[in-house]
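A.B. asks: The structure under discussion is supplied below as structure tokens; questions concerning it will follow.
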Amino acid sequence: MAKDTPTTIVIFGASGDLTKRKLMPSLFNLYLKDRLPKNFRIVGFGGTAFTDEAFREQLLAGARQFATYAFTDEQWTAFAAGLHYLSGKYTEAPDLQRLDELISGWESGNASRLYYLAVPPKLFPVIISNLDATNQLSEDSGWRRVVLEKPFGTDLASAVELNEQVHKALHENQIFRIDHYLGKETIQNILFTRFANTIFEPIWNRTYIDHVQITVSEQVGLEHRAGFYDGVGVLRDMFQNHLMQLLMLVAMEPPASFEAGHLRNEKVKVLSAIKPMTPEQVAANTVRAQYRGYREEPDVKPNSSTATFGAIRLFINNWRWQGVPFYLRSGKSLAEKKSHIIIRFKEPPLSMFPMQTLKPNMLVLYLQPDEGVHLRFEVKAPDTVAESRSVDMEFRYAEAFGQSAIPESYERLLLDAIQGDASLFTRGDEVEASWTLIEPILEAWEKRQSPPLATYRPGTWGPVEADSLLARDGRWWMHDEAELMLER
Ligand code: BG6
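Residue numbering for the sequence shown follows the working numbering, beginning at 7 and increasing consecutively.
Following this line, the structure appears as structure tokens:
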């Protein structure tokens, strides 16, 4: 990165929650780590009327509340000198013209700009077209990049249309579609576990792996987000993006390099090896459910059939994974906030010991909380003739690197966008490939009400139907360490 090139970061939707909670604490931390360009400015743009001073005050309050690191008043004051605010309407080209004039006033010669659209996706096309109309996207005198928050579309058709609209003004390499899961260290660590070691990759296939479980469970319910969530549901909110990303990283072939093109090519290949489900397959291979009490939440429609929990069983039809089921589940108001990936290996083909069966090995990637990697294997129980016991070999991030070593995911992603590295962002064809798989499930769930909407008690691990999905295959969900121990 040319660290001396003047760089302006414009945040549309700057008076919103995301800016206060995530974006600004992340940018501030990058500043404290001396990773921002030397000559940087951050401009908030939004409908609310703020002076620069009021904007800074609000962000300081946010940093005090949400930053996970300590900072001094002097550090904040130095950082805040680069913060500005401009109020205006996204839909009015003259307002964006004023934005350009403000930024141009600071620039001379080569200068770069990052536009971060932390606004509802329906505003993406108009903002991009107004940026284009005011000549703010041409890269004649420095790079111009646009970061787009999720959701990218609400179904396949809308995602395709949105891609077409943004491509009218931007080249794909100027577009950074965010999935904040890719900014999480532990999720990037899936790639390191697989491809920075030699011991896992030779057995990472159908010969040795019995099945894979991916769980992203949340303890929180709606949290007054009915306006966004009701009618959207877990499939659009979590599966189309976050869970699909986890699936791709676990299942992809080794890319030639960590470079964005190589990495994303391999990810897309995983999705294209999965067959979109027929309505009958959706009925048999998915579970949708709503937590009890959801319809009584503020602003939820009284007869809402929005799913707050989903479980999906799918197969990847390629040489590596043929016949290996992948079970994915995610939901709100569940027992715990916990995300993990369990790679369950096959049982030994023959037991030379007197006991009937040996427990299979298991590799568990704990994504959050208590981030780490555990490998479960069998040992001889001492002072027995031939009894085996399961033990865990554990790596914990907090122990190895200290709890504070894990940065906020937006920190990584903002820095990558400033540096032009799109590896951890979703490419246009990738987002469409994901919608291609989610769409038939959405159709069956929403248009045919199939499978029927199950319910579950808040604070549990979801509906019994999700257990039946695995039980039919003679398998079961492994929820937590206690559960994993039970198996021993
Ligand atoms: C967001 C969803 O993308 O991810 C939220 O819109 C969800 O509904 C959140 O709560 C979960 O993110 P994390 O980082 O807390 O696992």
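Think of the CB as a built atom: it goes at the ideal place given N, C-alpha and C, for glycine as much as any other residue.
#1: Where does Phe-264 fall in DSSP's three states?
#2: What are the start and end residues of the beta strand (DSSP E) that includes Thr-461?
#3: How close, in whole Å, do the beta carbons of Tyr-187 and Gln-142 come, if the pair is a contact with beta carbons under 8 Å?
#4: Rounded to a whole number of angstroms, what is the C-alpha to C-alpha distance between Lys-44 and Gly-148?
#5: Beta carbon of His-186: closer than 7 Å to some heavy atom of ligand 1?
#6: I'd like the list of long-range same chain contacts for Arg-525, defined as Cβ closer than 8 Å, with 5 residues on each side in sequence excluded.
#7: Pull up the CB-CB distance for Ala-124 and Gly-19, whole angstroms please, since I reckon it's below 8 Å.
#8: So, at 6 Å on beta carbons, what are the nonlocal neighbours of Thr-13 in its own chain, with the 5 sequence-adjacent residues on each side left out?
#9: Measuring only the C-alpha atoms, how far is Pro-131 from Arg-478?
#10: State buried or exposed for Ile-215, treating a residue as buried only when at least 16 other CB atoms are found within 10 Å of its CB.
#11: Can you tell me whether Met-491 is helix, strand or coil according to DSSP?
#12: Which full runs of the beta strand (DSSP E) of 3+ residues lie inside the stretch 303-387, going along the chain?
#13: For Ala-67, which of Glu-445, Phe-34, Pro-413, Gly-53 has the nearest alpha-carbon?
#14: For the beta strand (DSSP E) that contains His-90, what are its first and last residues?
#15: Give every residue of the same chain whose Cβ lies closer than 6 Å to the Cβ of Met-399, excluding the five residues on either side of it in the sequence, and list them in chain order.
#16: Fully enclosed by the stretch 177-241, which alpha helix (DSSP H) runs are 4 residues long or longer?
#17: Rank Val-218, Lys-9, Leu-419 by C-alpha distance to the C-alpha of Ile-318 and give the top, closest one.
#18: Does the separation of the CB atoms of Leu-373 and Lys-190 fall below 8 Å?
#19: Taking 7 Å as the cut-off, is the beta-carbon of Glu-224 closer than that to any non-hydrogen atom of ligand 1?
#20: Taking the C-alpha atoms as reference points, what is the distance between Lys-275 and Val-256?
#21: Which residue's Cα is closest to the Cα of Asp-106: Asp-427, His-230, Asp-138?
#22: Leu-459 to Thr-314, Cα distance in whole Å?
#23: May I ask whether a heavy atom of ligand 1 can be found less than 7 Å away from the beta carbon of Asp-305?
#24: Buried or exposed for His-346, please, with buried defined as at least 16 other CB atoms from any protein chain shown within 10 angstroms of its CB.
#25: Measure the alpha-carbon distance for Ala-310 versus Ala-295 and round it to whole angstroms.
#26: Count Cβ pairs between the stretch 197-213 and the stretch 404-422 that sit closer than 8 Å; are there 3 or more?
#27: Is the distance from the Cβ of His-230 to the Cβ of Pro-157 below 8 Å?
#28: Give the single residue among Leu-334, Arg-62, Arg-104 whose Cα lies nearest to the Cα of Ala-84.
#29: Taking the alpha-carbon of Met-258 as reference, which of Arg-395, Trp-325, Glu-302 has the nearest alpha-carbon?
#30: From Lys-307, Ser-278, Arg-335, pick the residue whose C-alpha is nearest to that of Ile-322; which is it?
#31: Pick out the complete beta strand (DSSP E) segments inside the stretch 18-101, 3 residues or longer, and give them in chain order.
#32: Is the stretch 425-439 touching the stretch 393-407, taking contact as three or more C-beta pairs under 8 Å?
#33: Is it right to say Glu-493 is buried, meaning 16 or more other beta carbons lie within 10 angstroms of its own, or is it exposed?
#34: Unbroken beta strand (DSSP E) runs of length 3 or more, entirely within the stretch 271-303: which are they?
#35: Restricting to Cα atoms, I'd like to know which of Lys-352, Glu-452, Tyr-416, Pro-31 is closest to Arg-212.
#36: Taking 7 Å as the cut-off, is the C-beta of Lys-156 nearer than that to any heavy atom in ligand 1?
C.D. replies: The relevant details are as follows:
#1: coil
#2: 460-462
#3: Incorrect: roughly 30 Å between the Cβ atoms, too far for contact.
#4: 16 Å
#5: yes
#6: Only positions 7 to 494 of the chain appear in the structure, and residue 525 is not among them; the question remains open.
#7: 4 Å
#8: Pro-43, Phe-46, Ser-118
#9: 46 Å
#10: buried
#11: In this prediction, Met-491 has a pLDDT of 46, which is less than 50 and means its spatial position is unreliable; what the coordinates show is noted afterwards. Residue state, collapsed to three classes: helix.
#12: 315-320, 332-337, 344-351, 368-374, 378-386
#13: Checked all of Glu-445, Phe-34, Pro-413, Gly-53; the closest Cα to Ala-67 is Phe-34.
#14: It spans 89-93 - the beta strand (DSSP E) in which His-90 sits, taken as one unbroken run.
#15: Leu-381
#16: 191-201, 232-235
#17: Val-218
#18: A contact, by the Cβ cut-off of 8 Å.
#19: yes
#20: 13 Å
#21: Asp-138
#22: 10 Å
#23: no
#24: buried
#25: Note that residue 310 is Ser in the sequence shown, not Ala. Between Ser-310 and Ala-295, the C-alpha separation is close to 12 Å.
#26: The stretch 197-213, when compared against the stretch 404-422, does not touch it at the 8 Å Cβ threshold.
#27: no
#28: Arg-62
#29: Trp-325
#30: Ser-278
#31: 46-52, 89-93
#32: no
#33: Below a pLDDT of 50, predicted positions are generally treated as unreliable, and Glu-493, at 44, falls in that range; no measurement from the model is reported.
#34: Within the stretch 271-303, complete beta strand (DSSP E) segments of at least 3 residues are found at 292-297, given in chain order.
#35: Lys-352
#36: Ligand 1 approaches Lys-156 closely enough that one of its heavy atoms is under 7 Å from the residue's Cβ.
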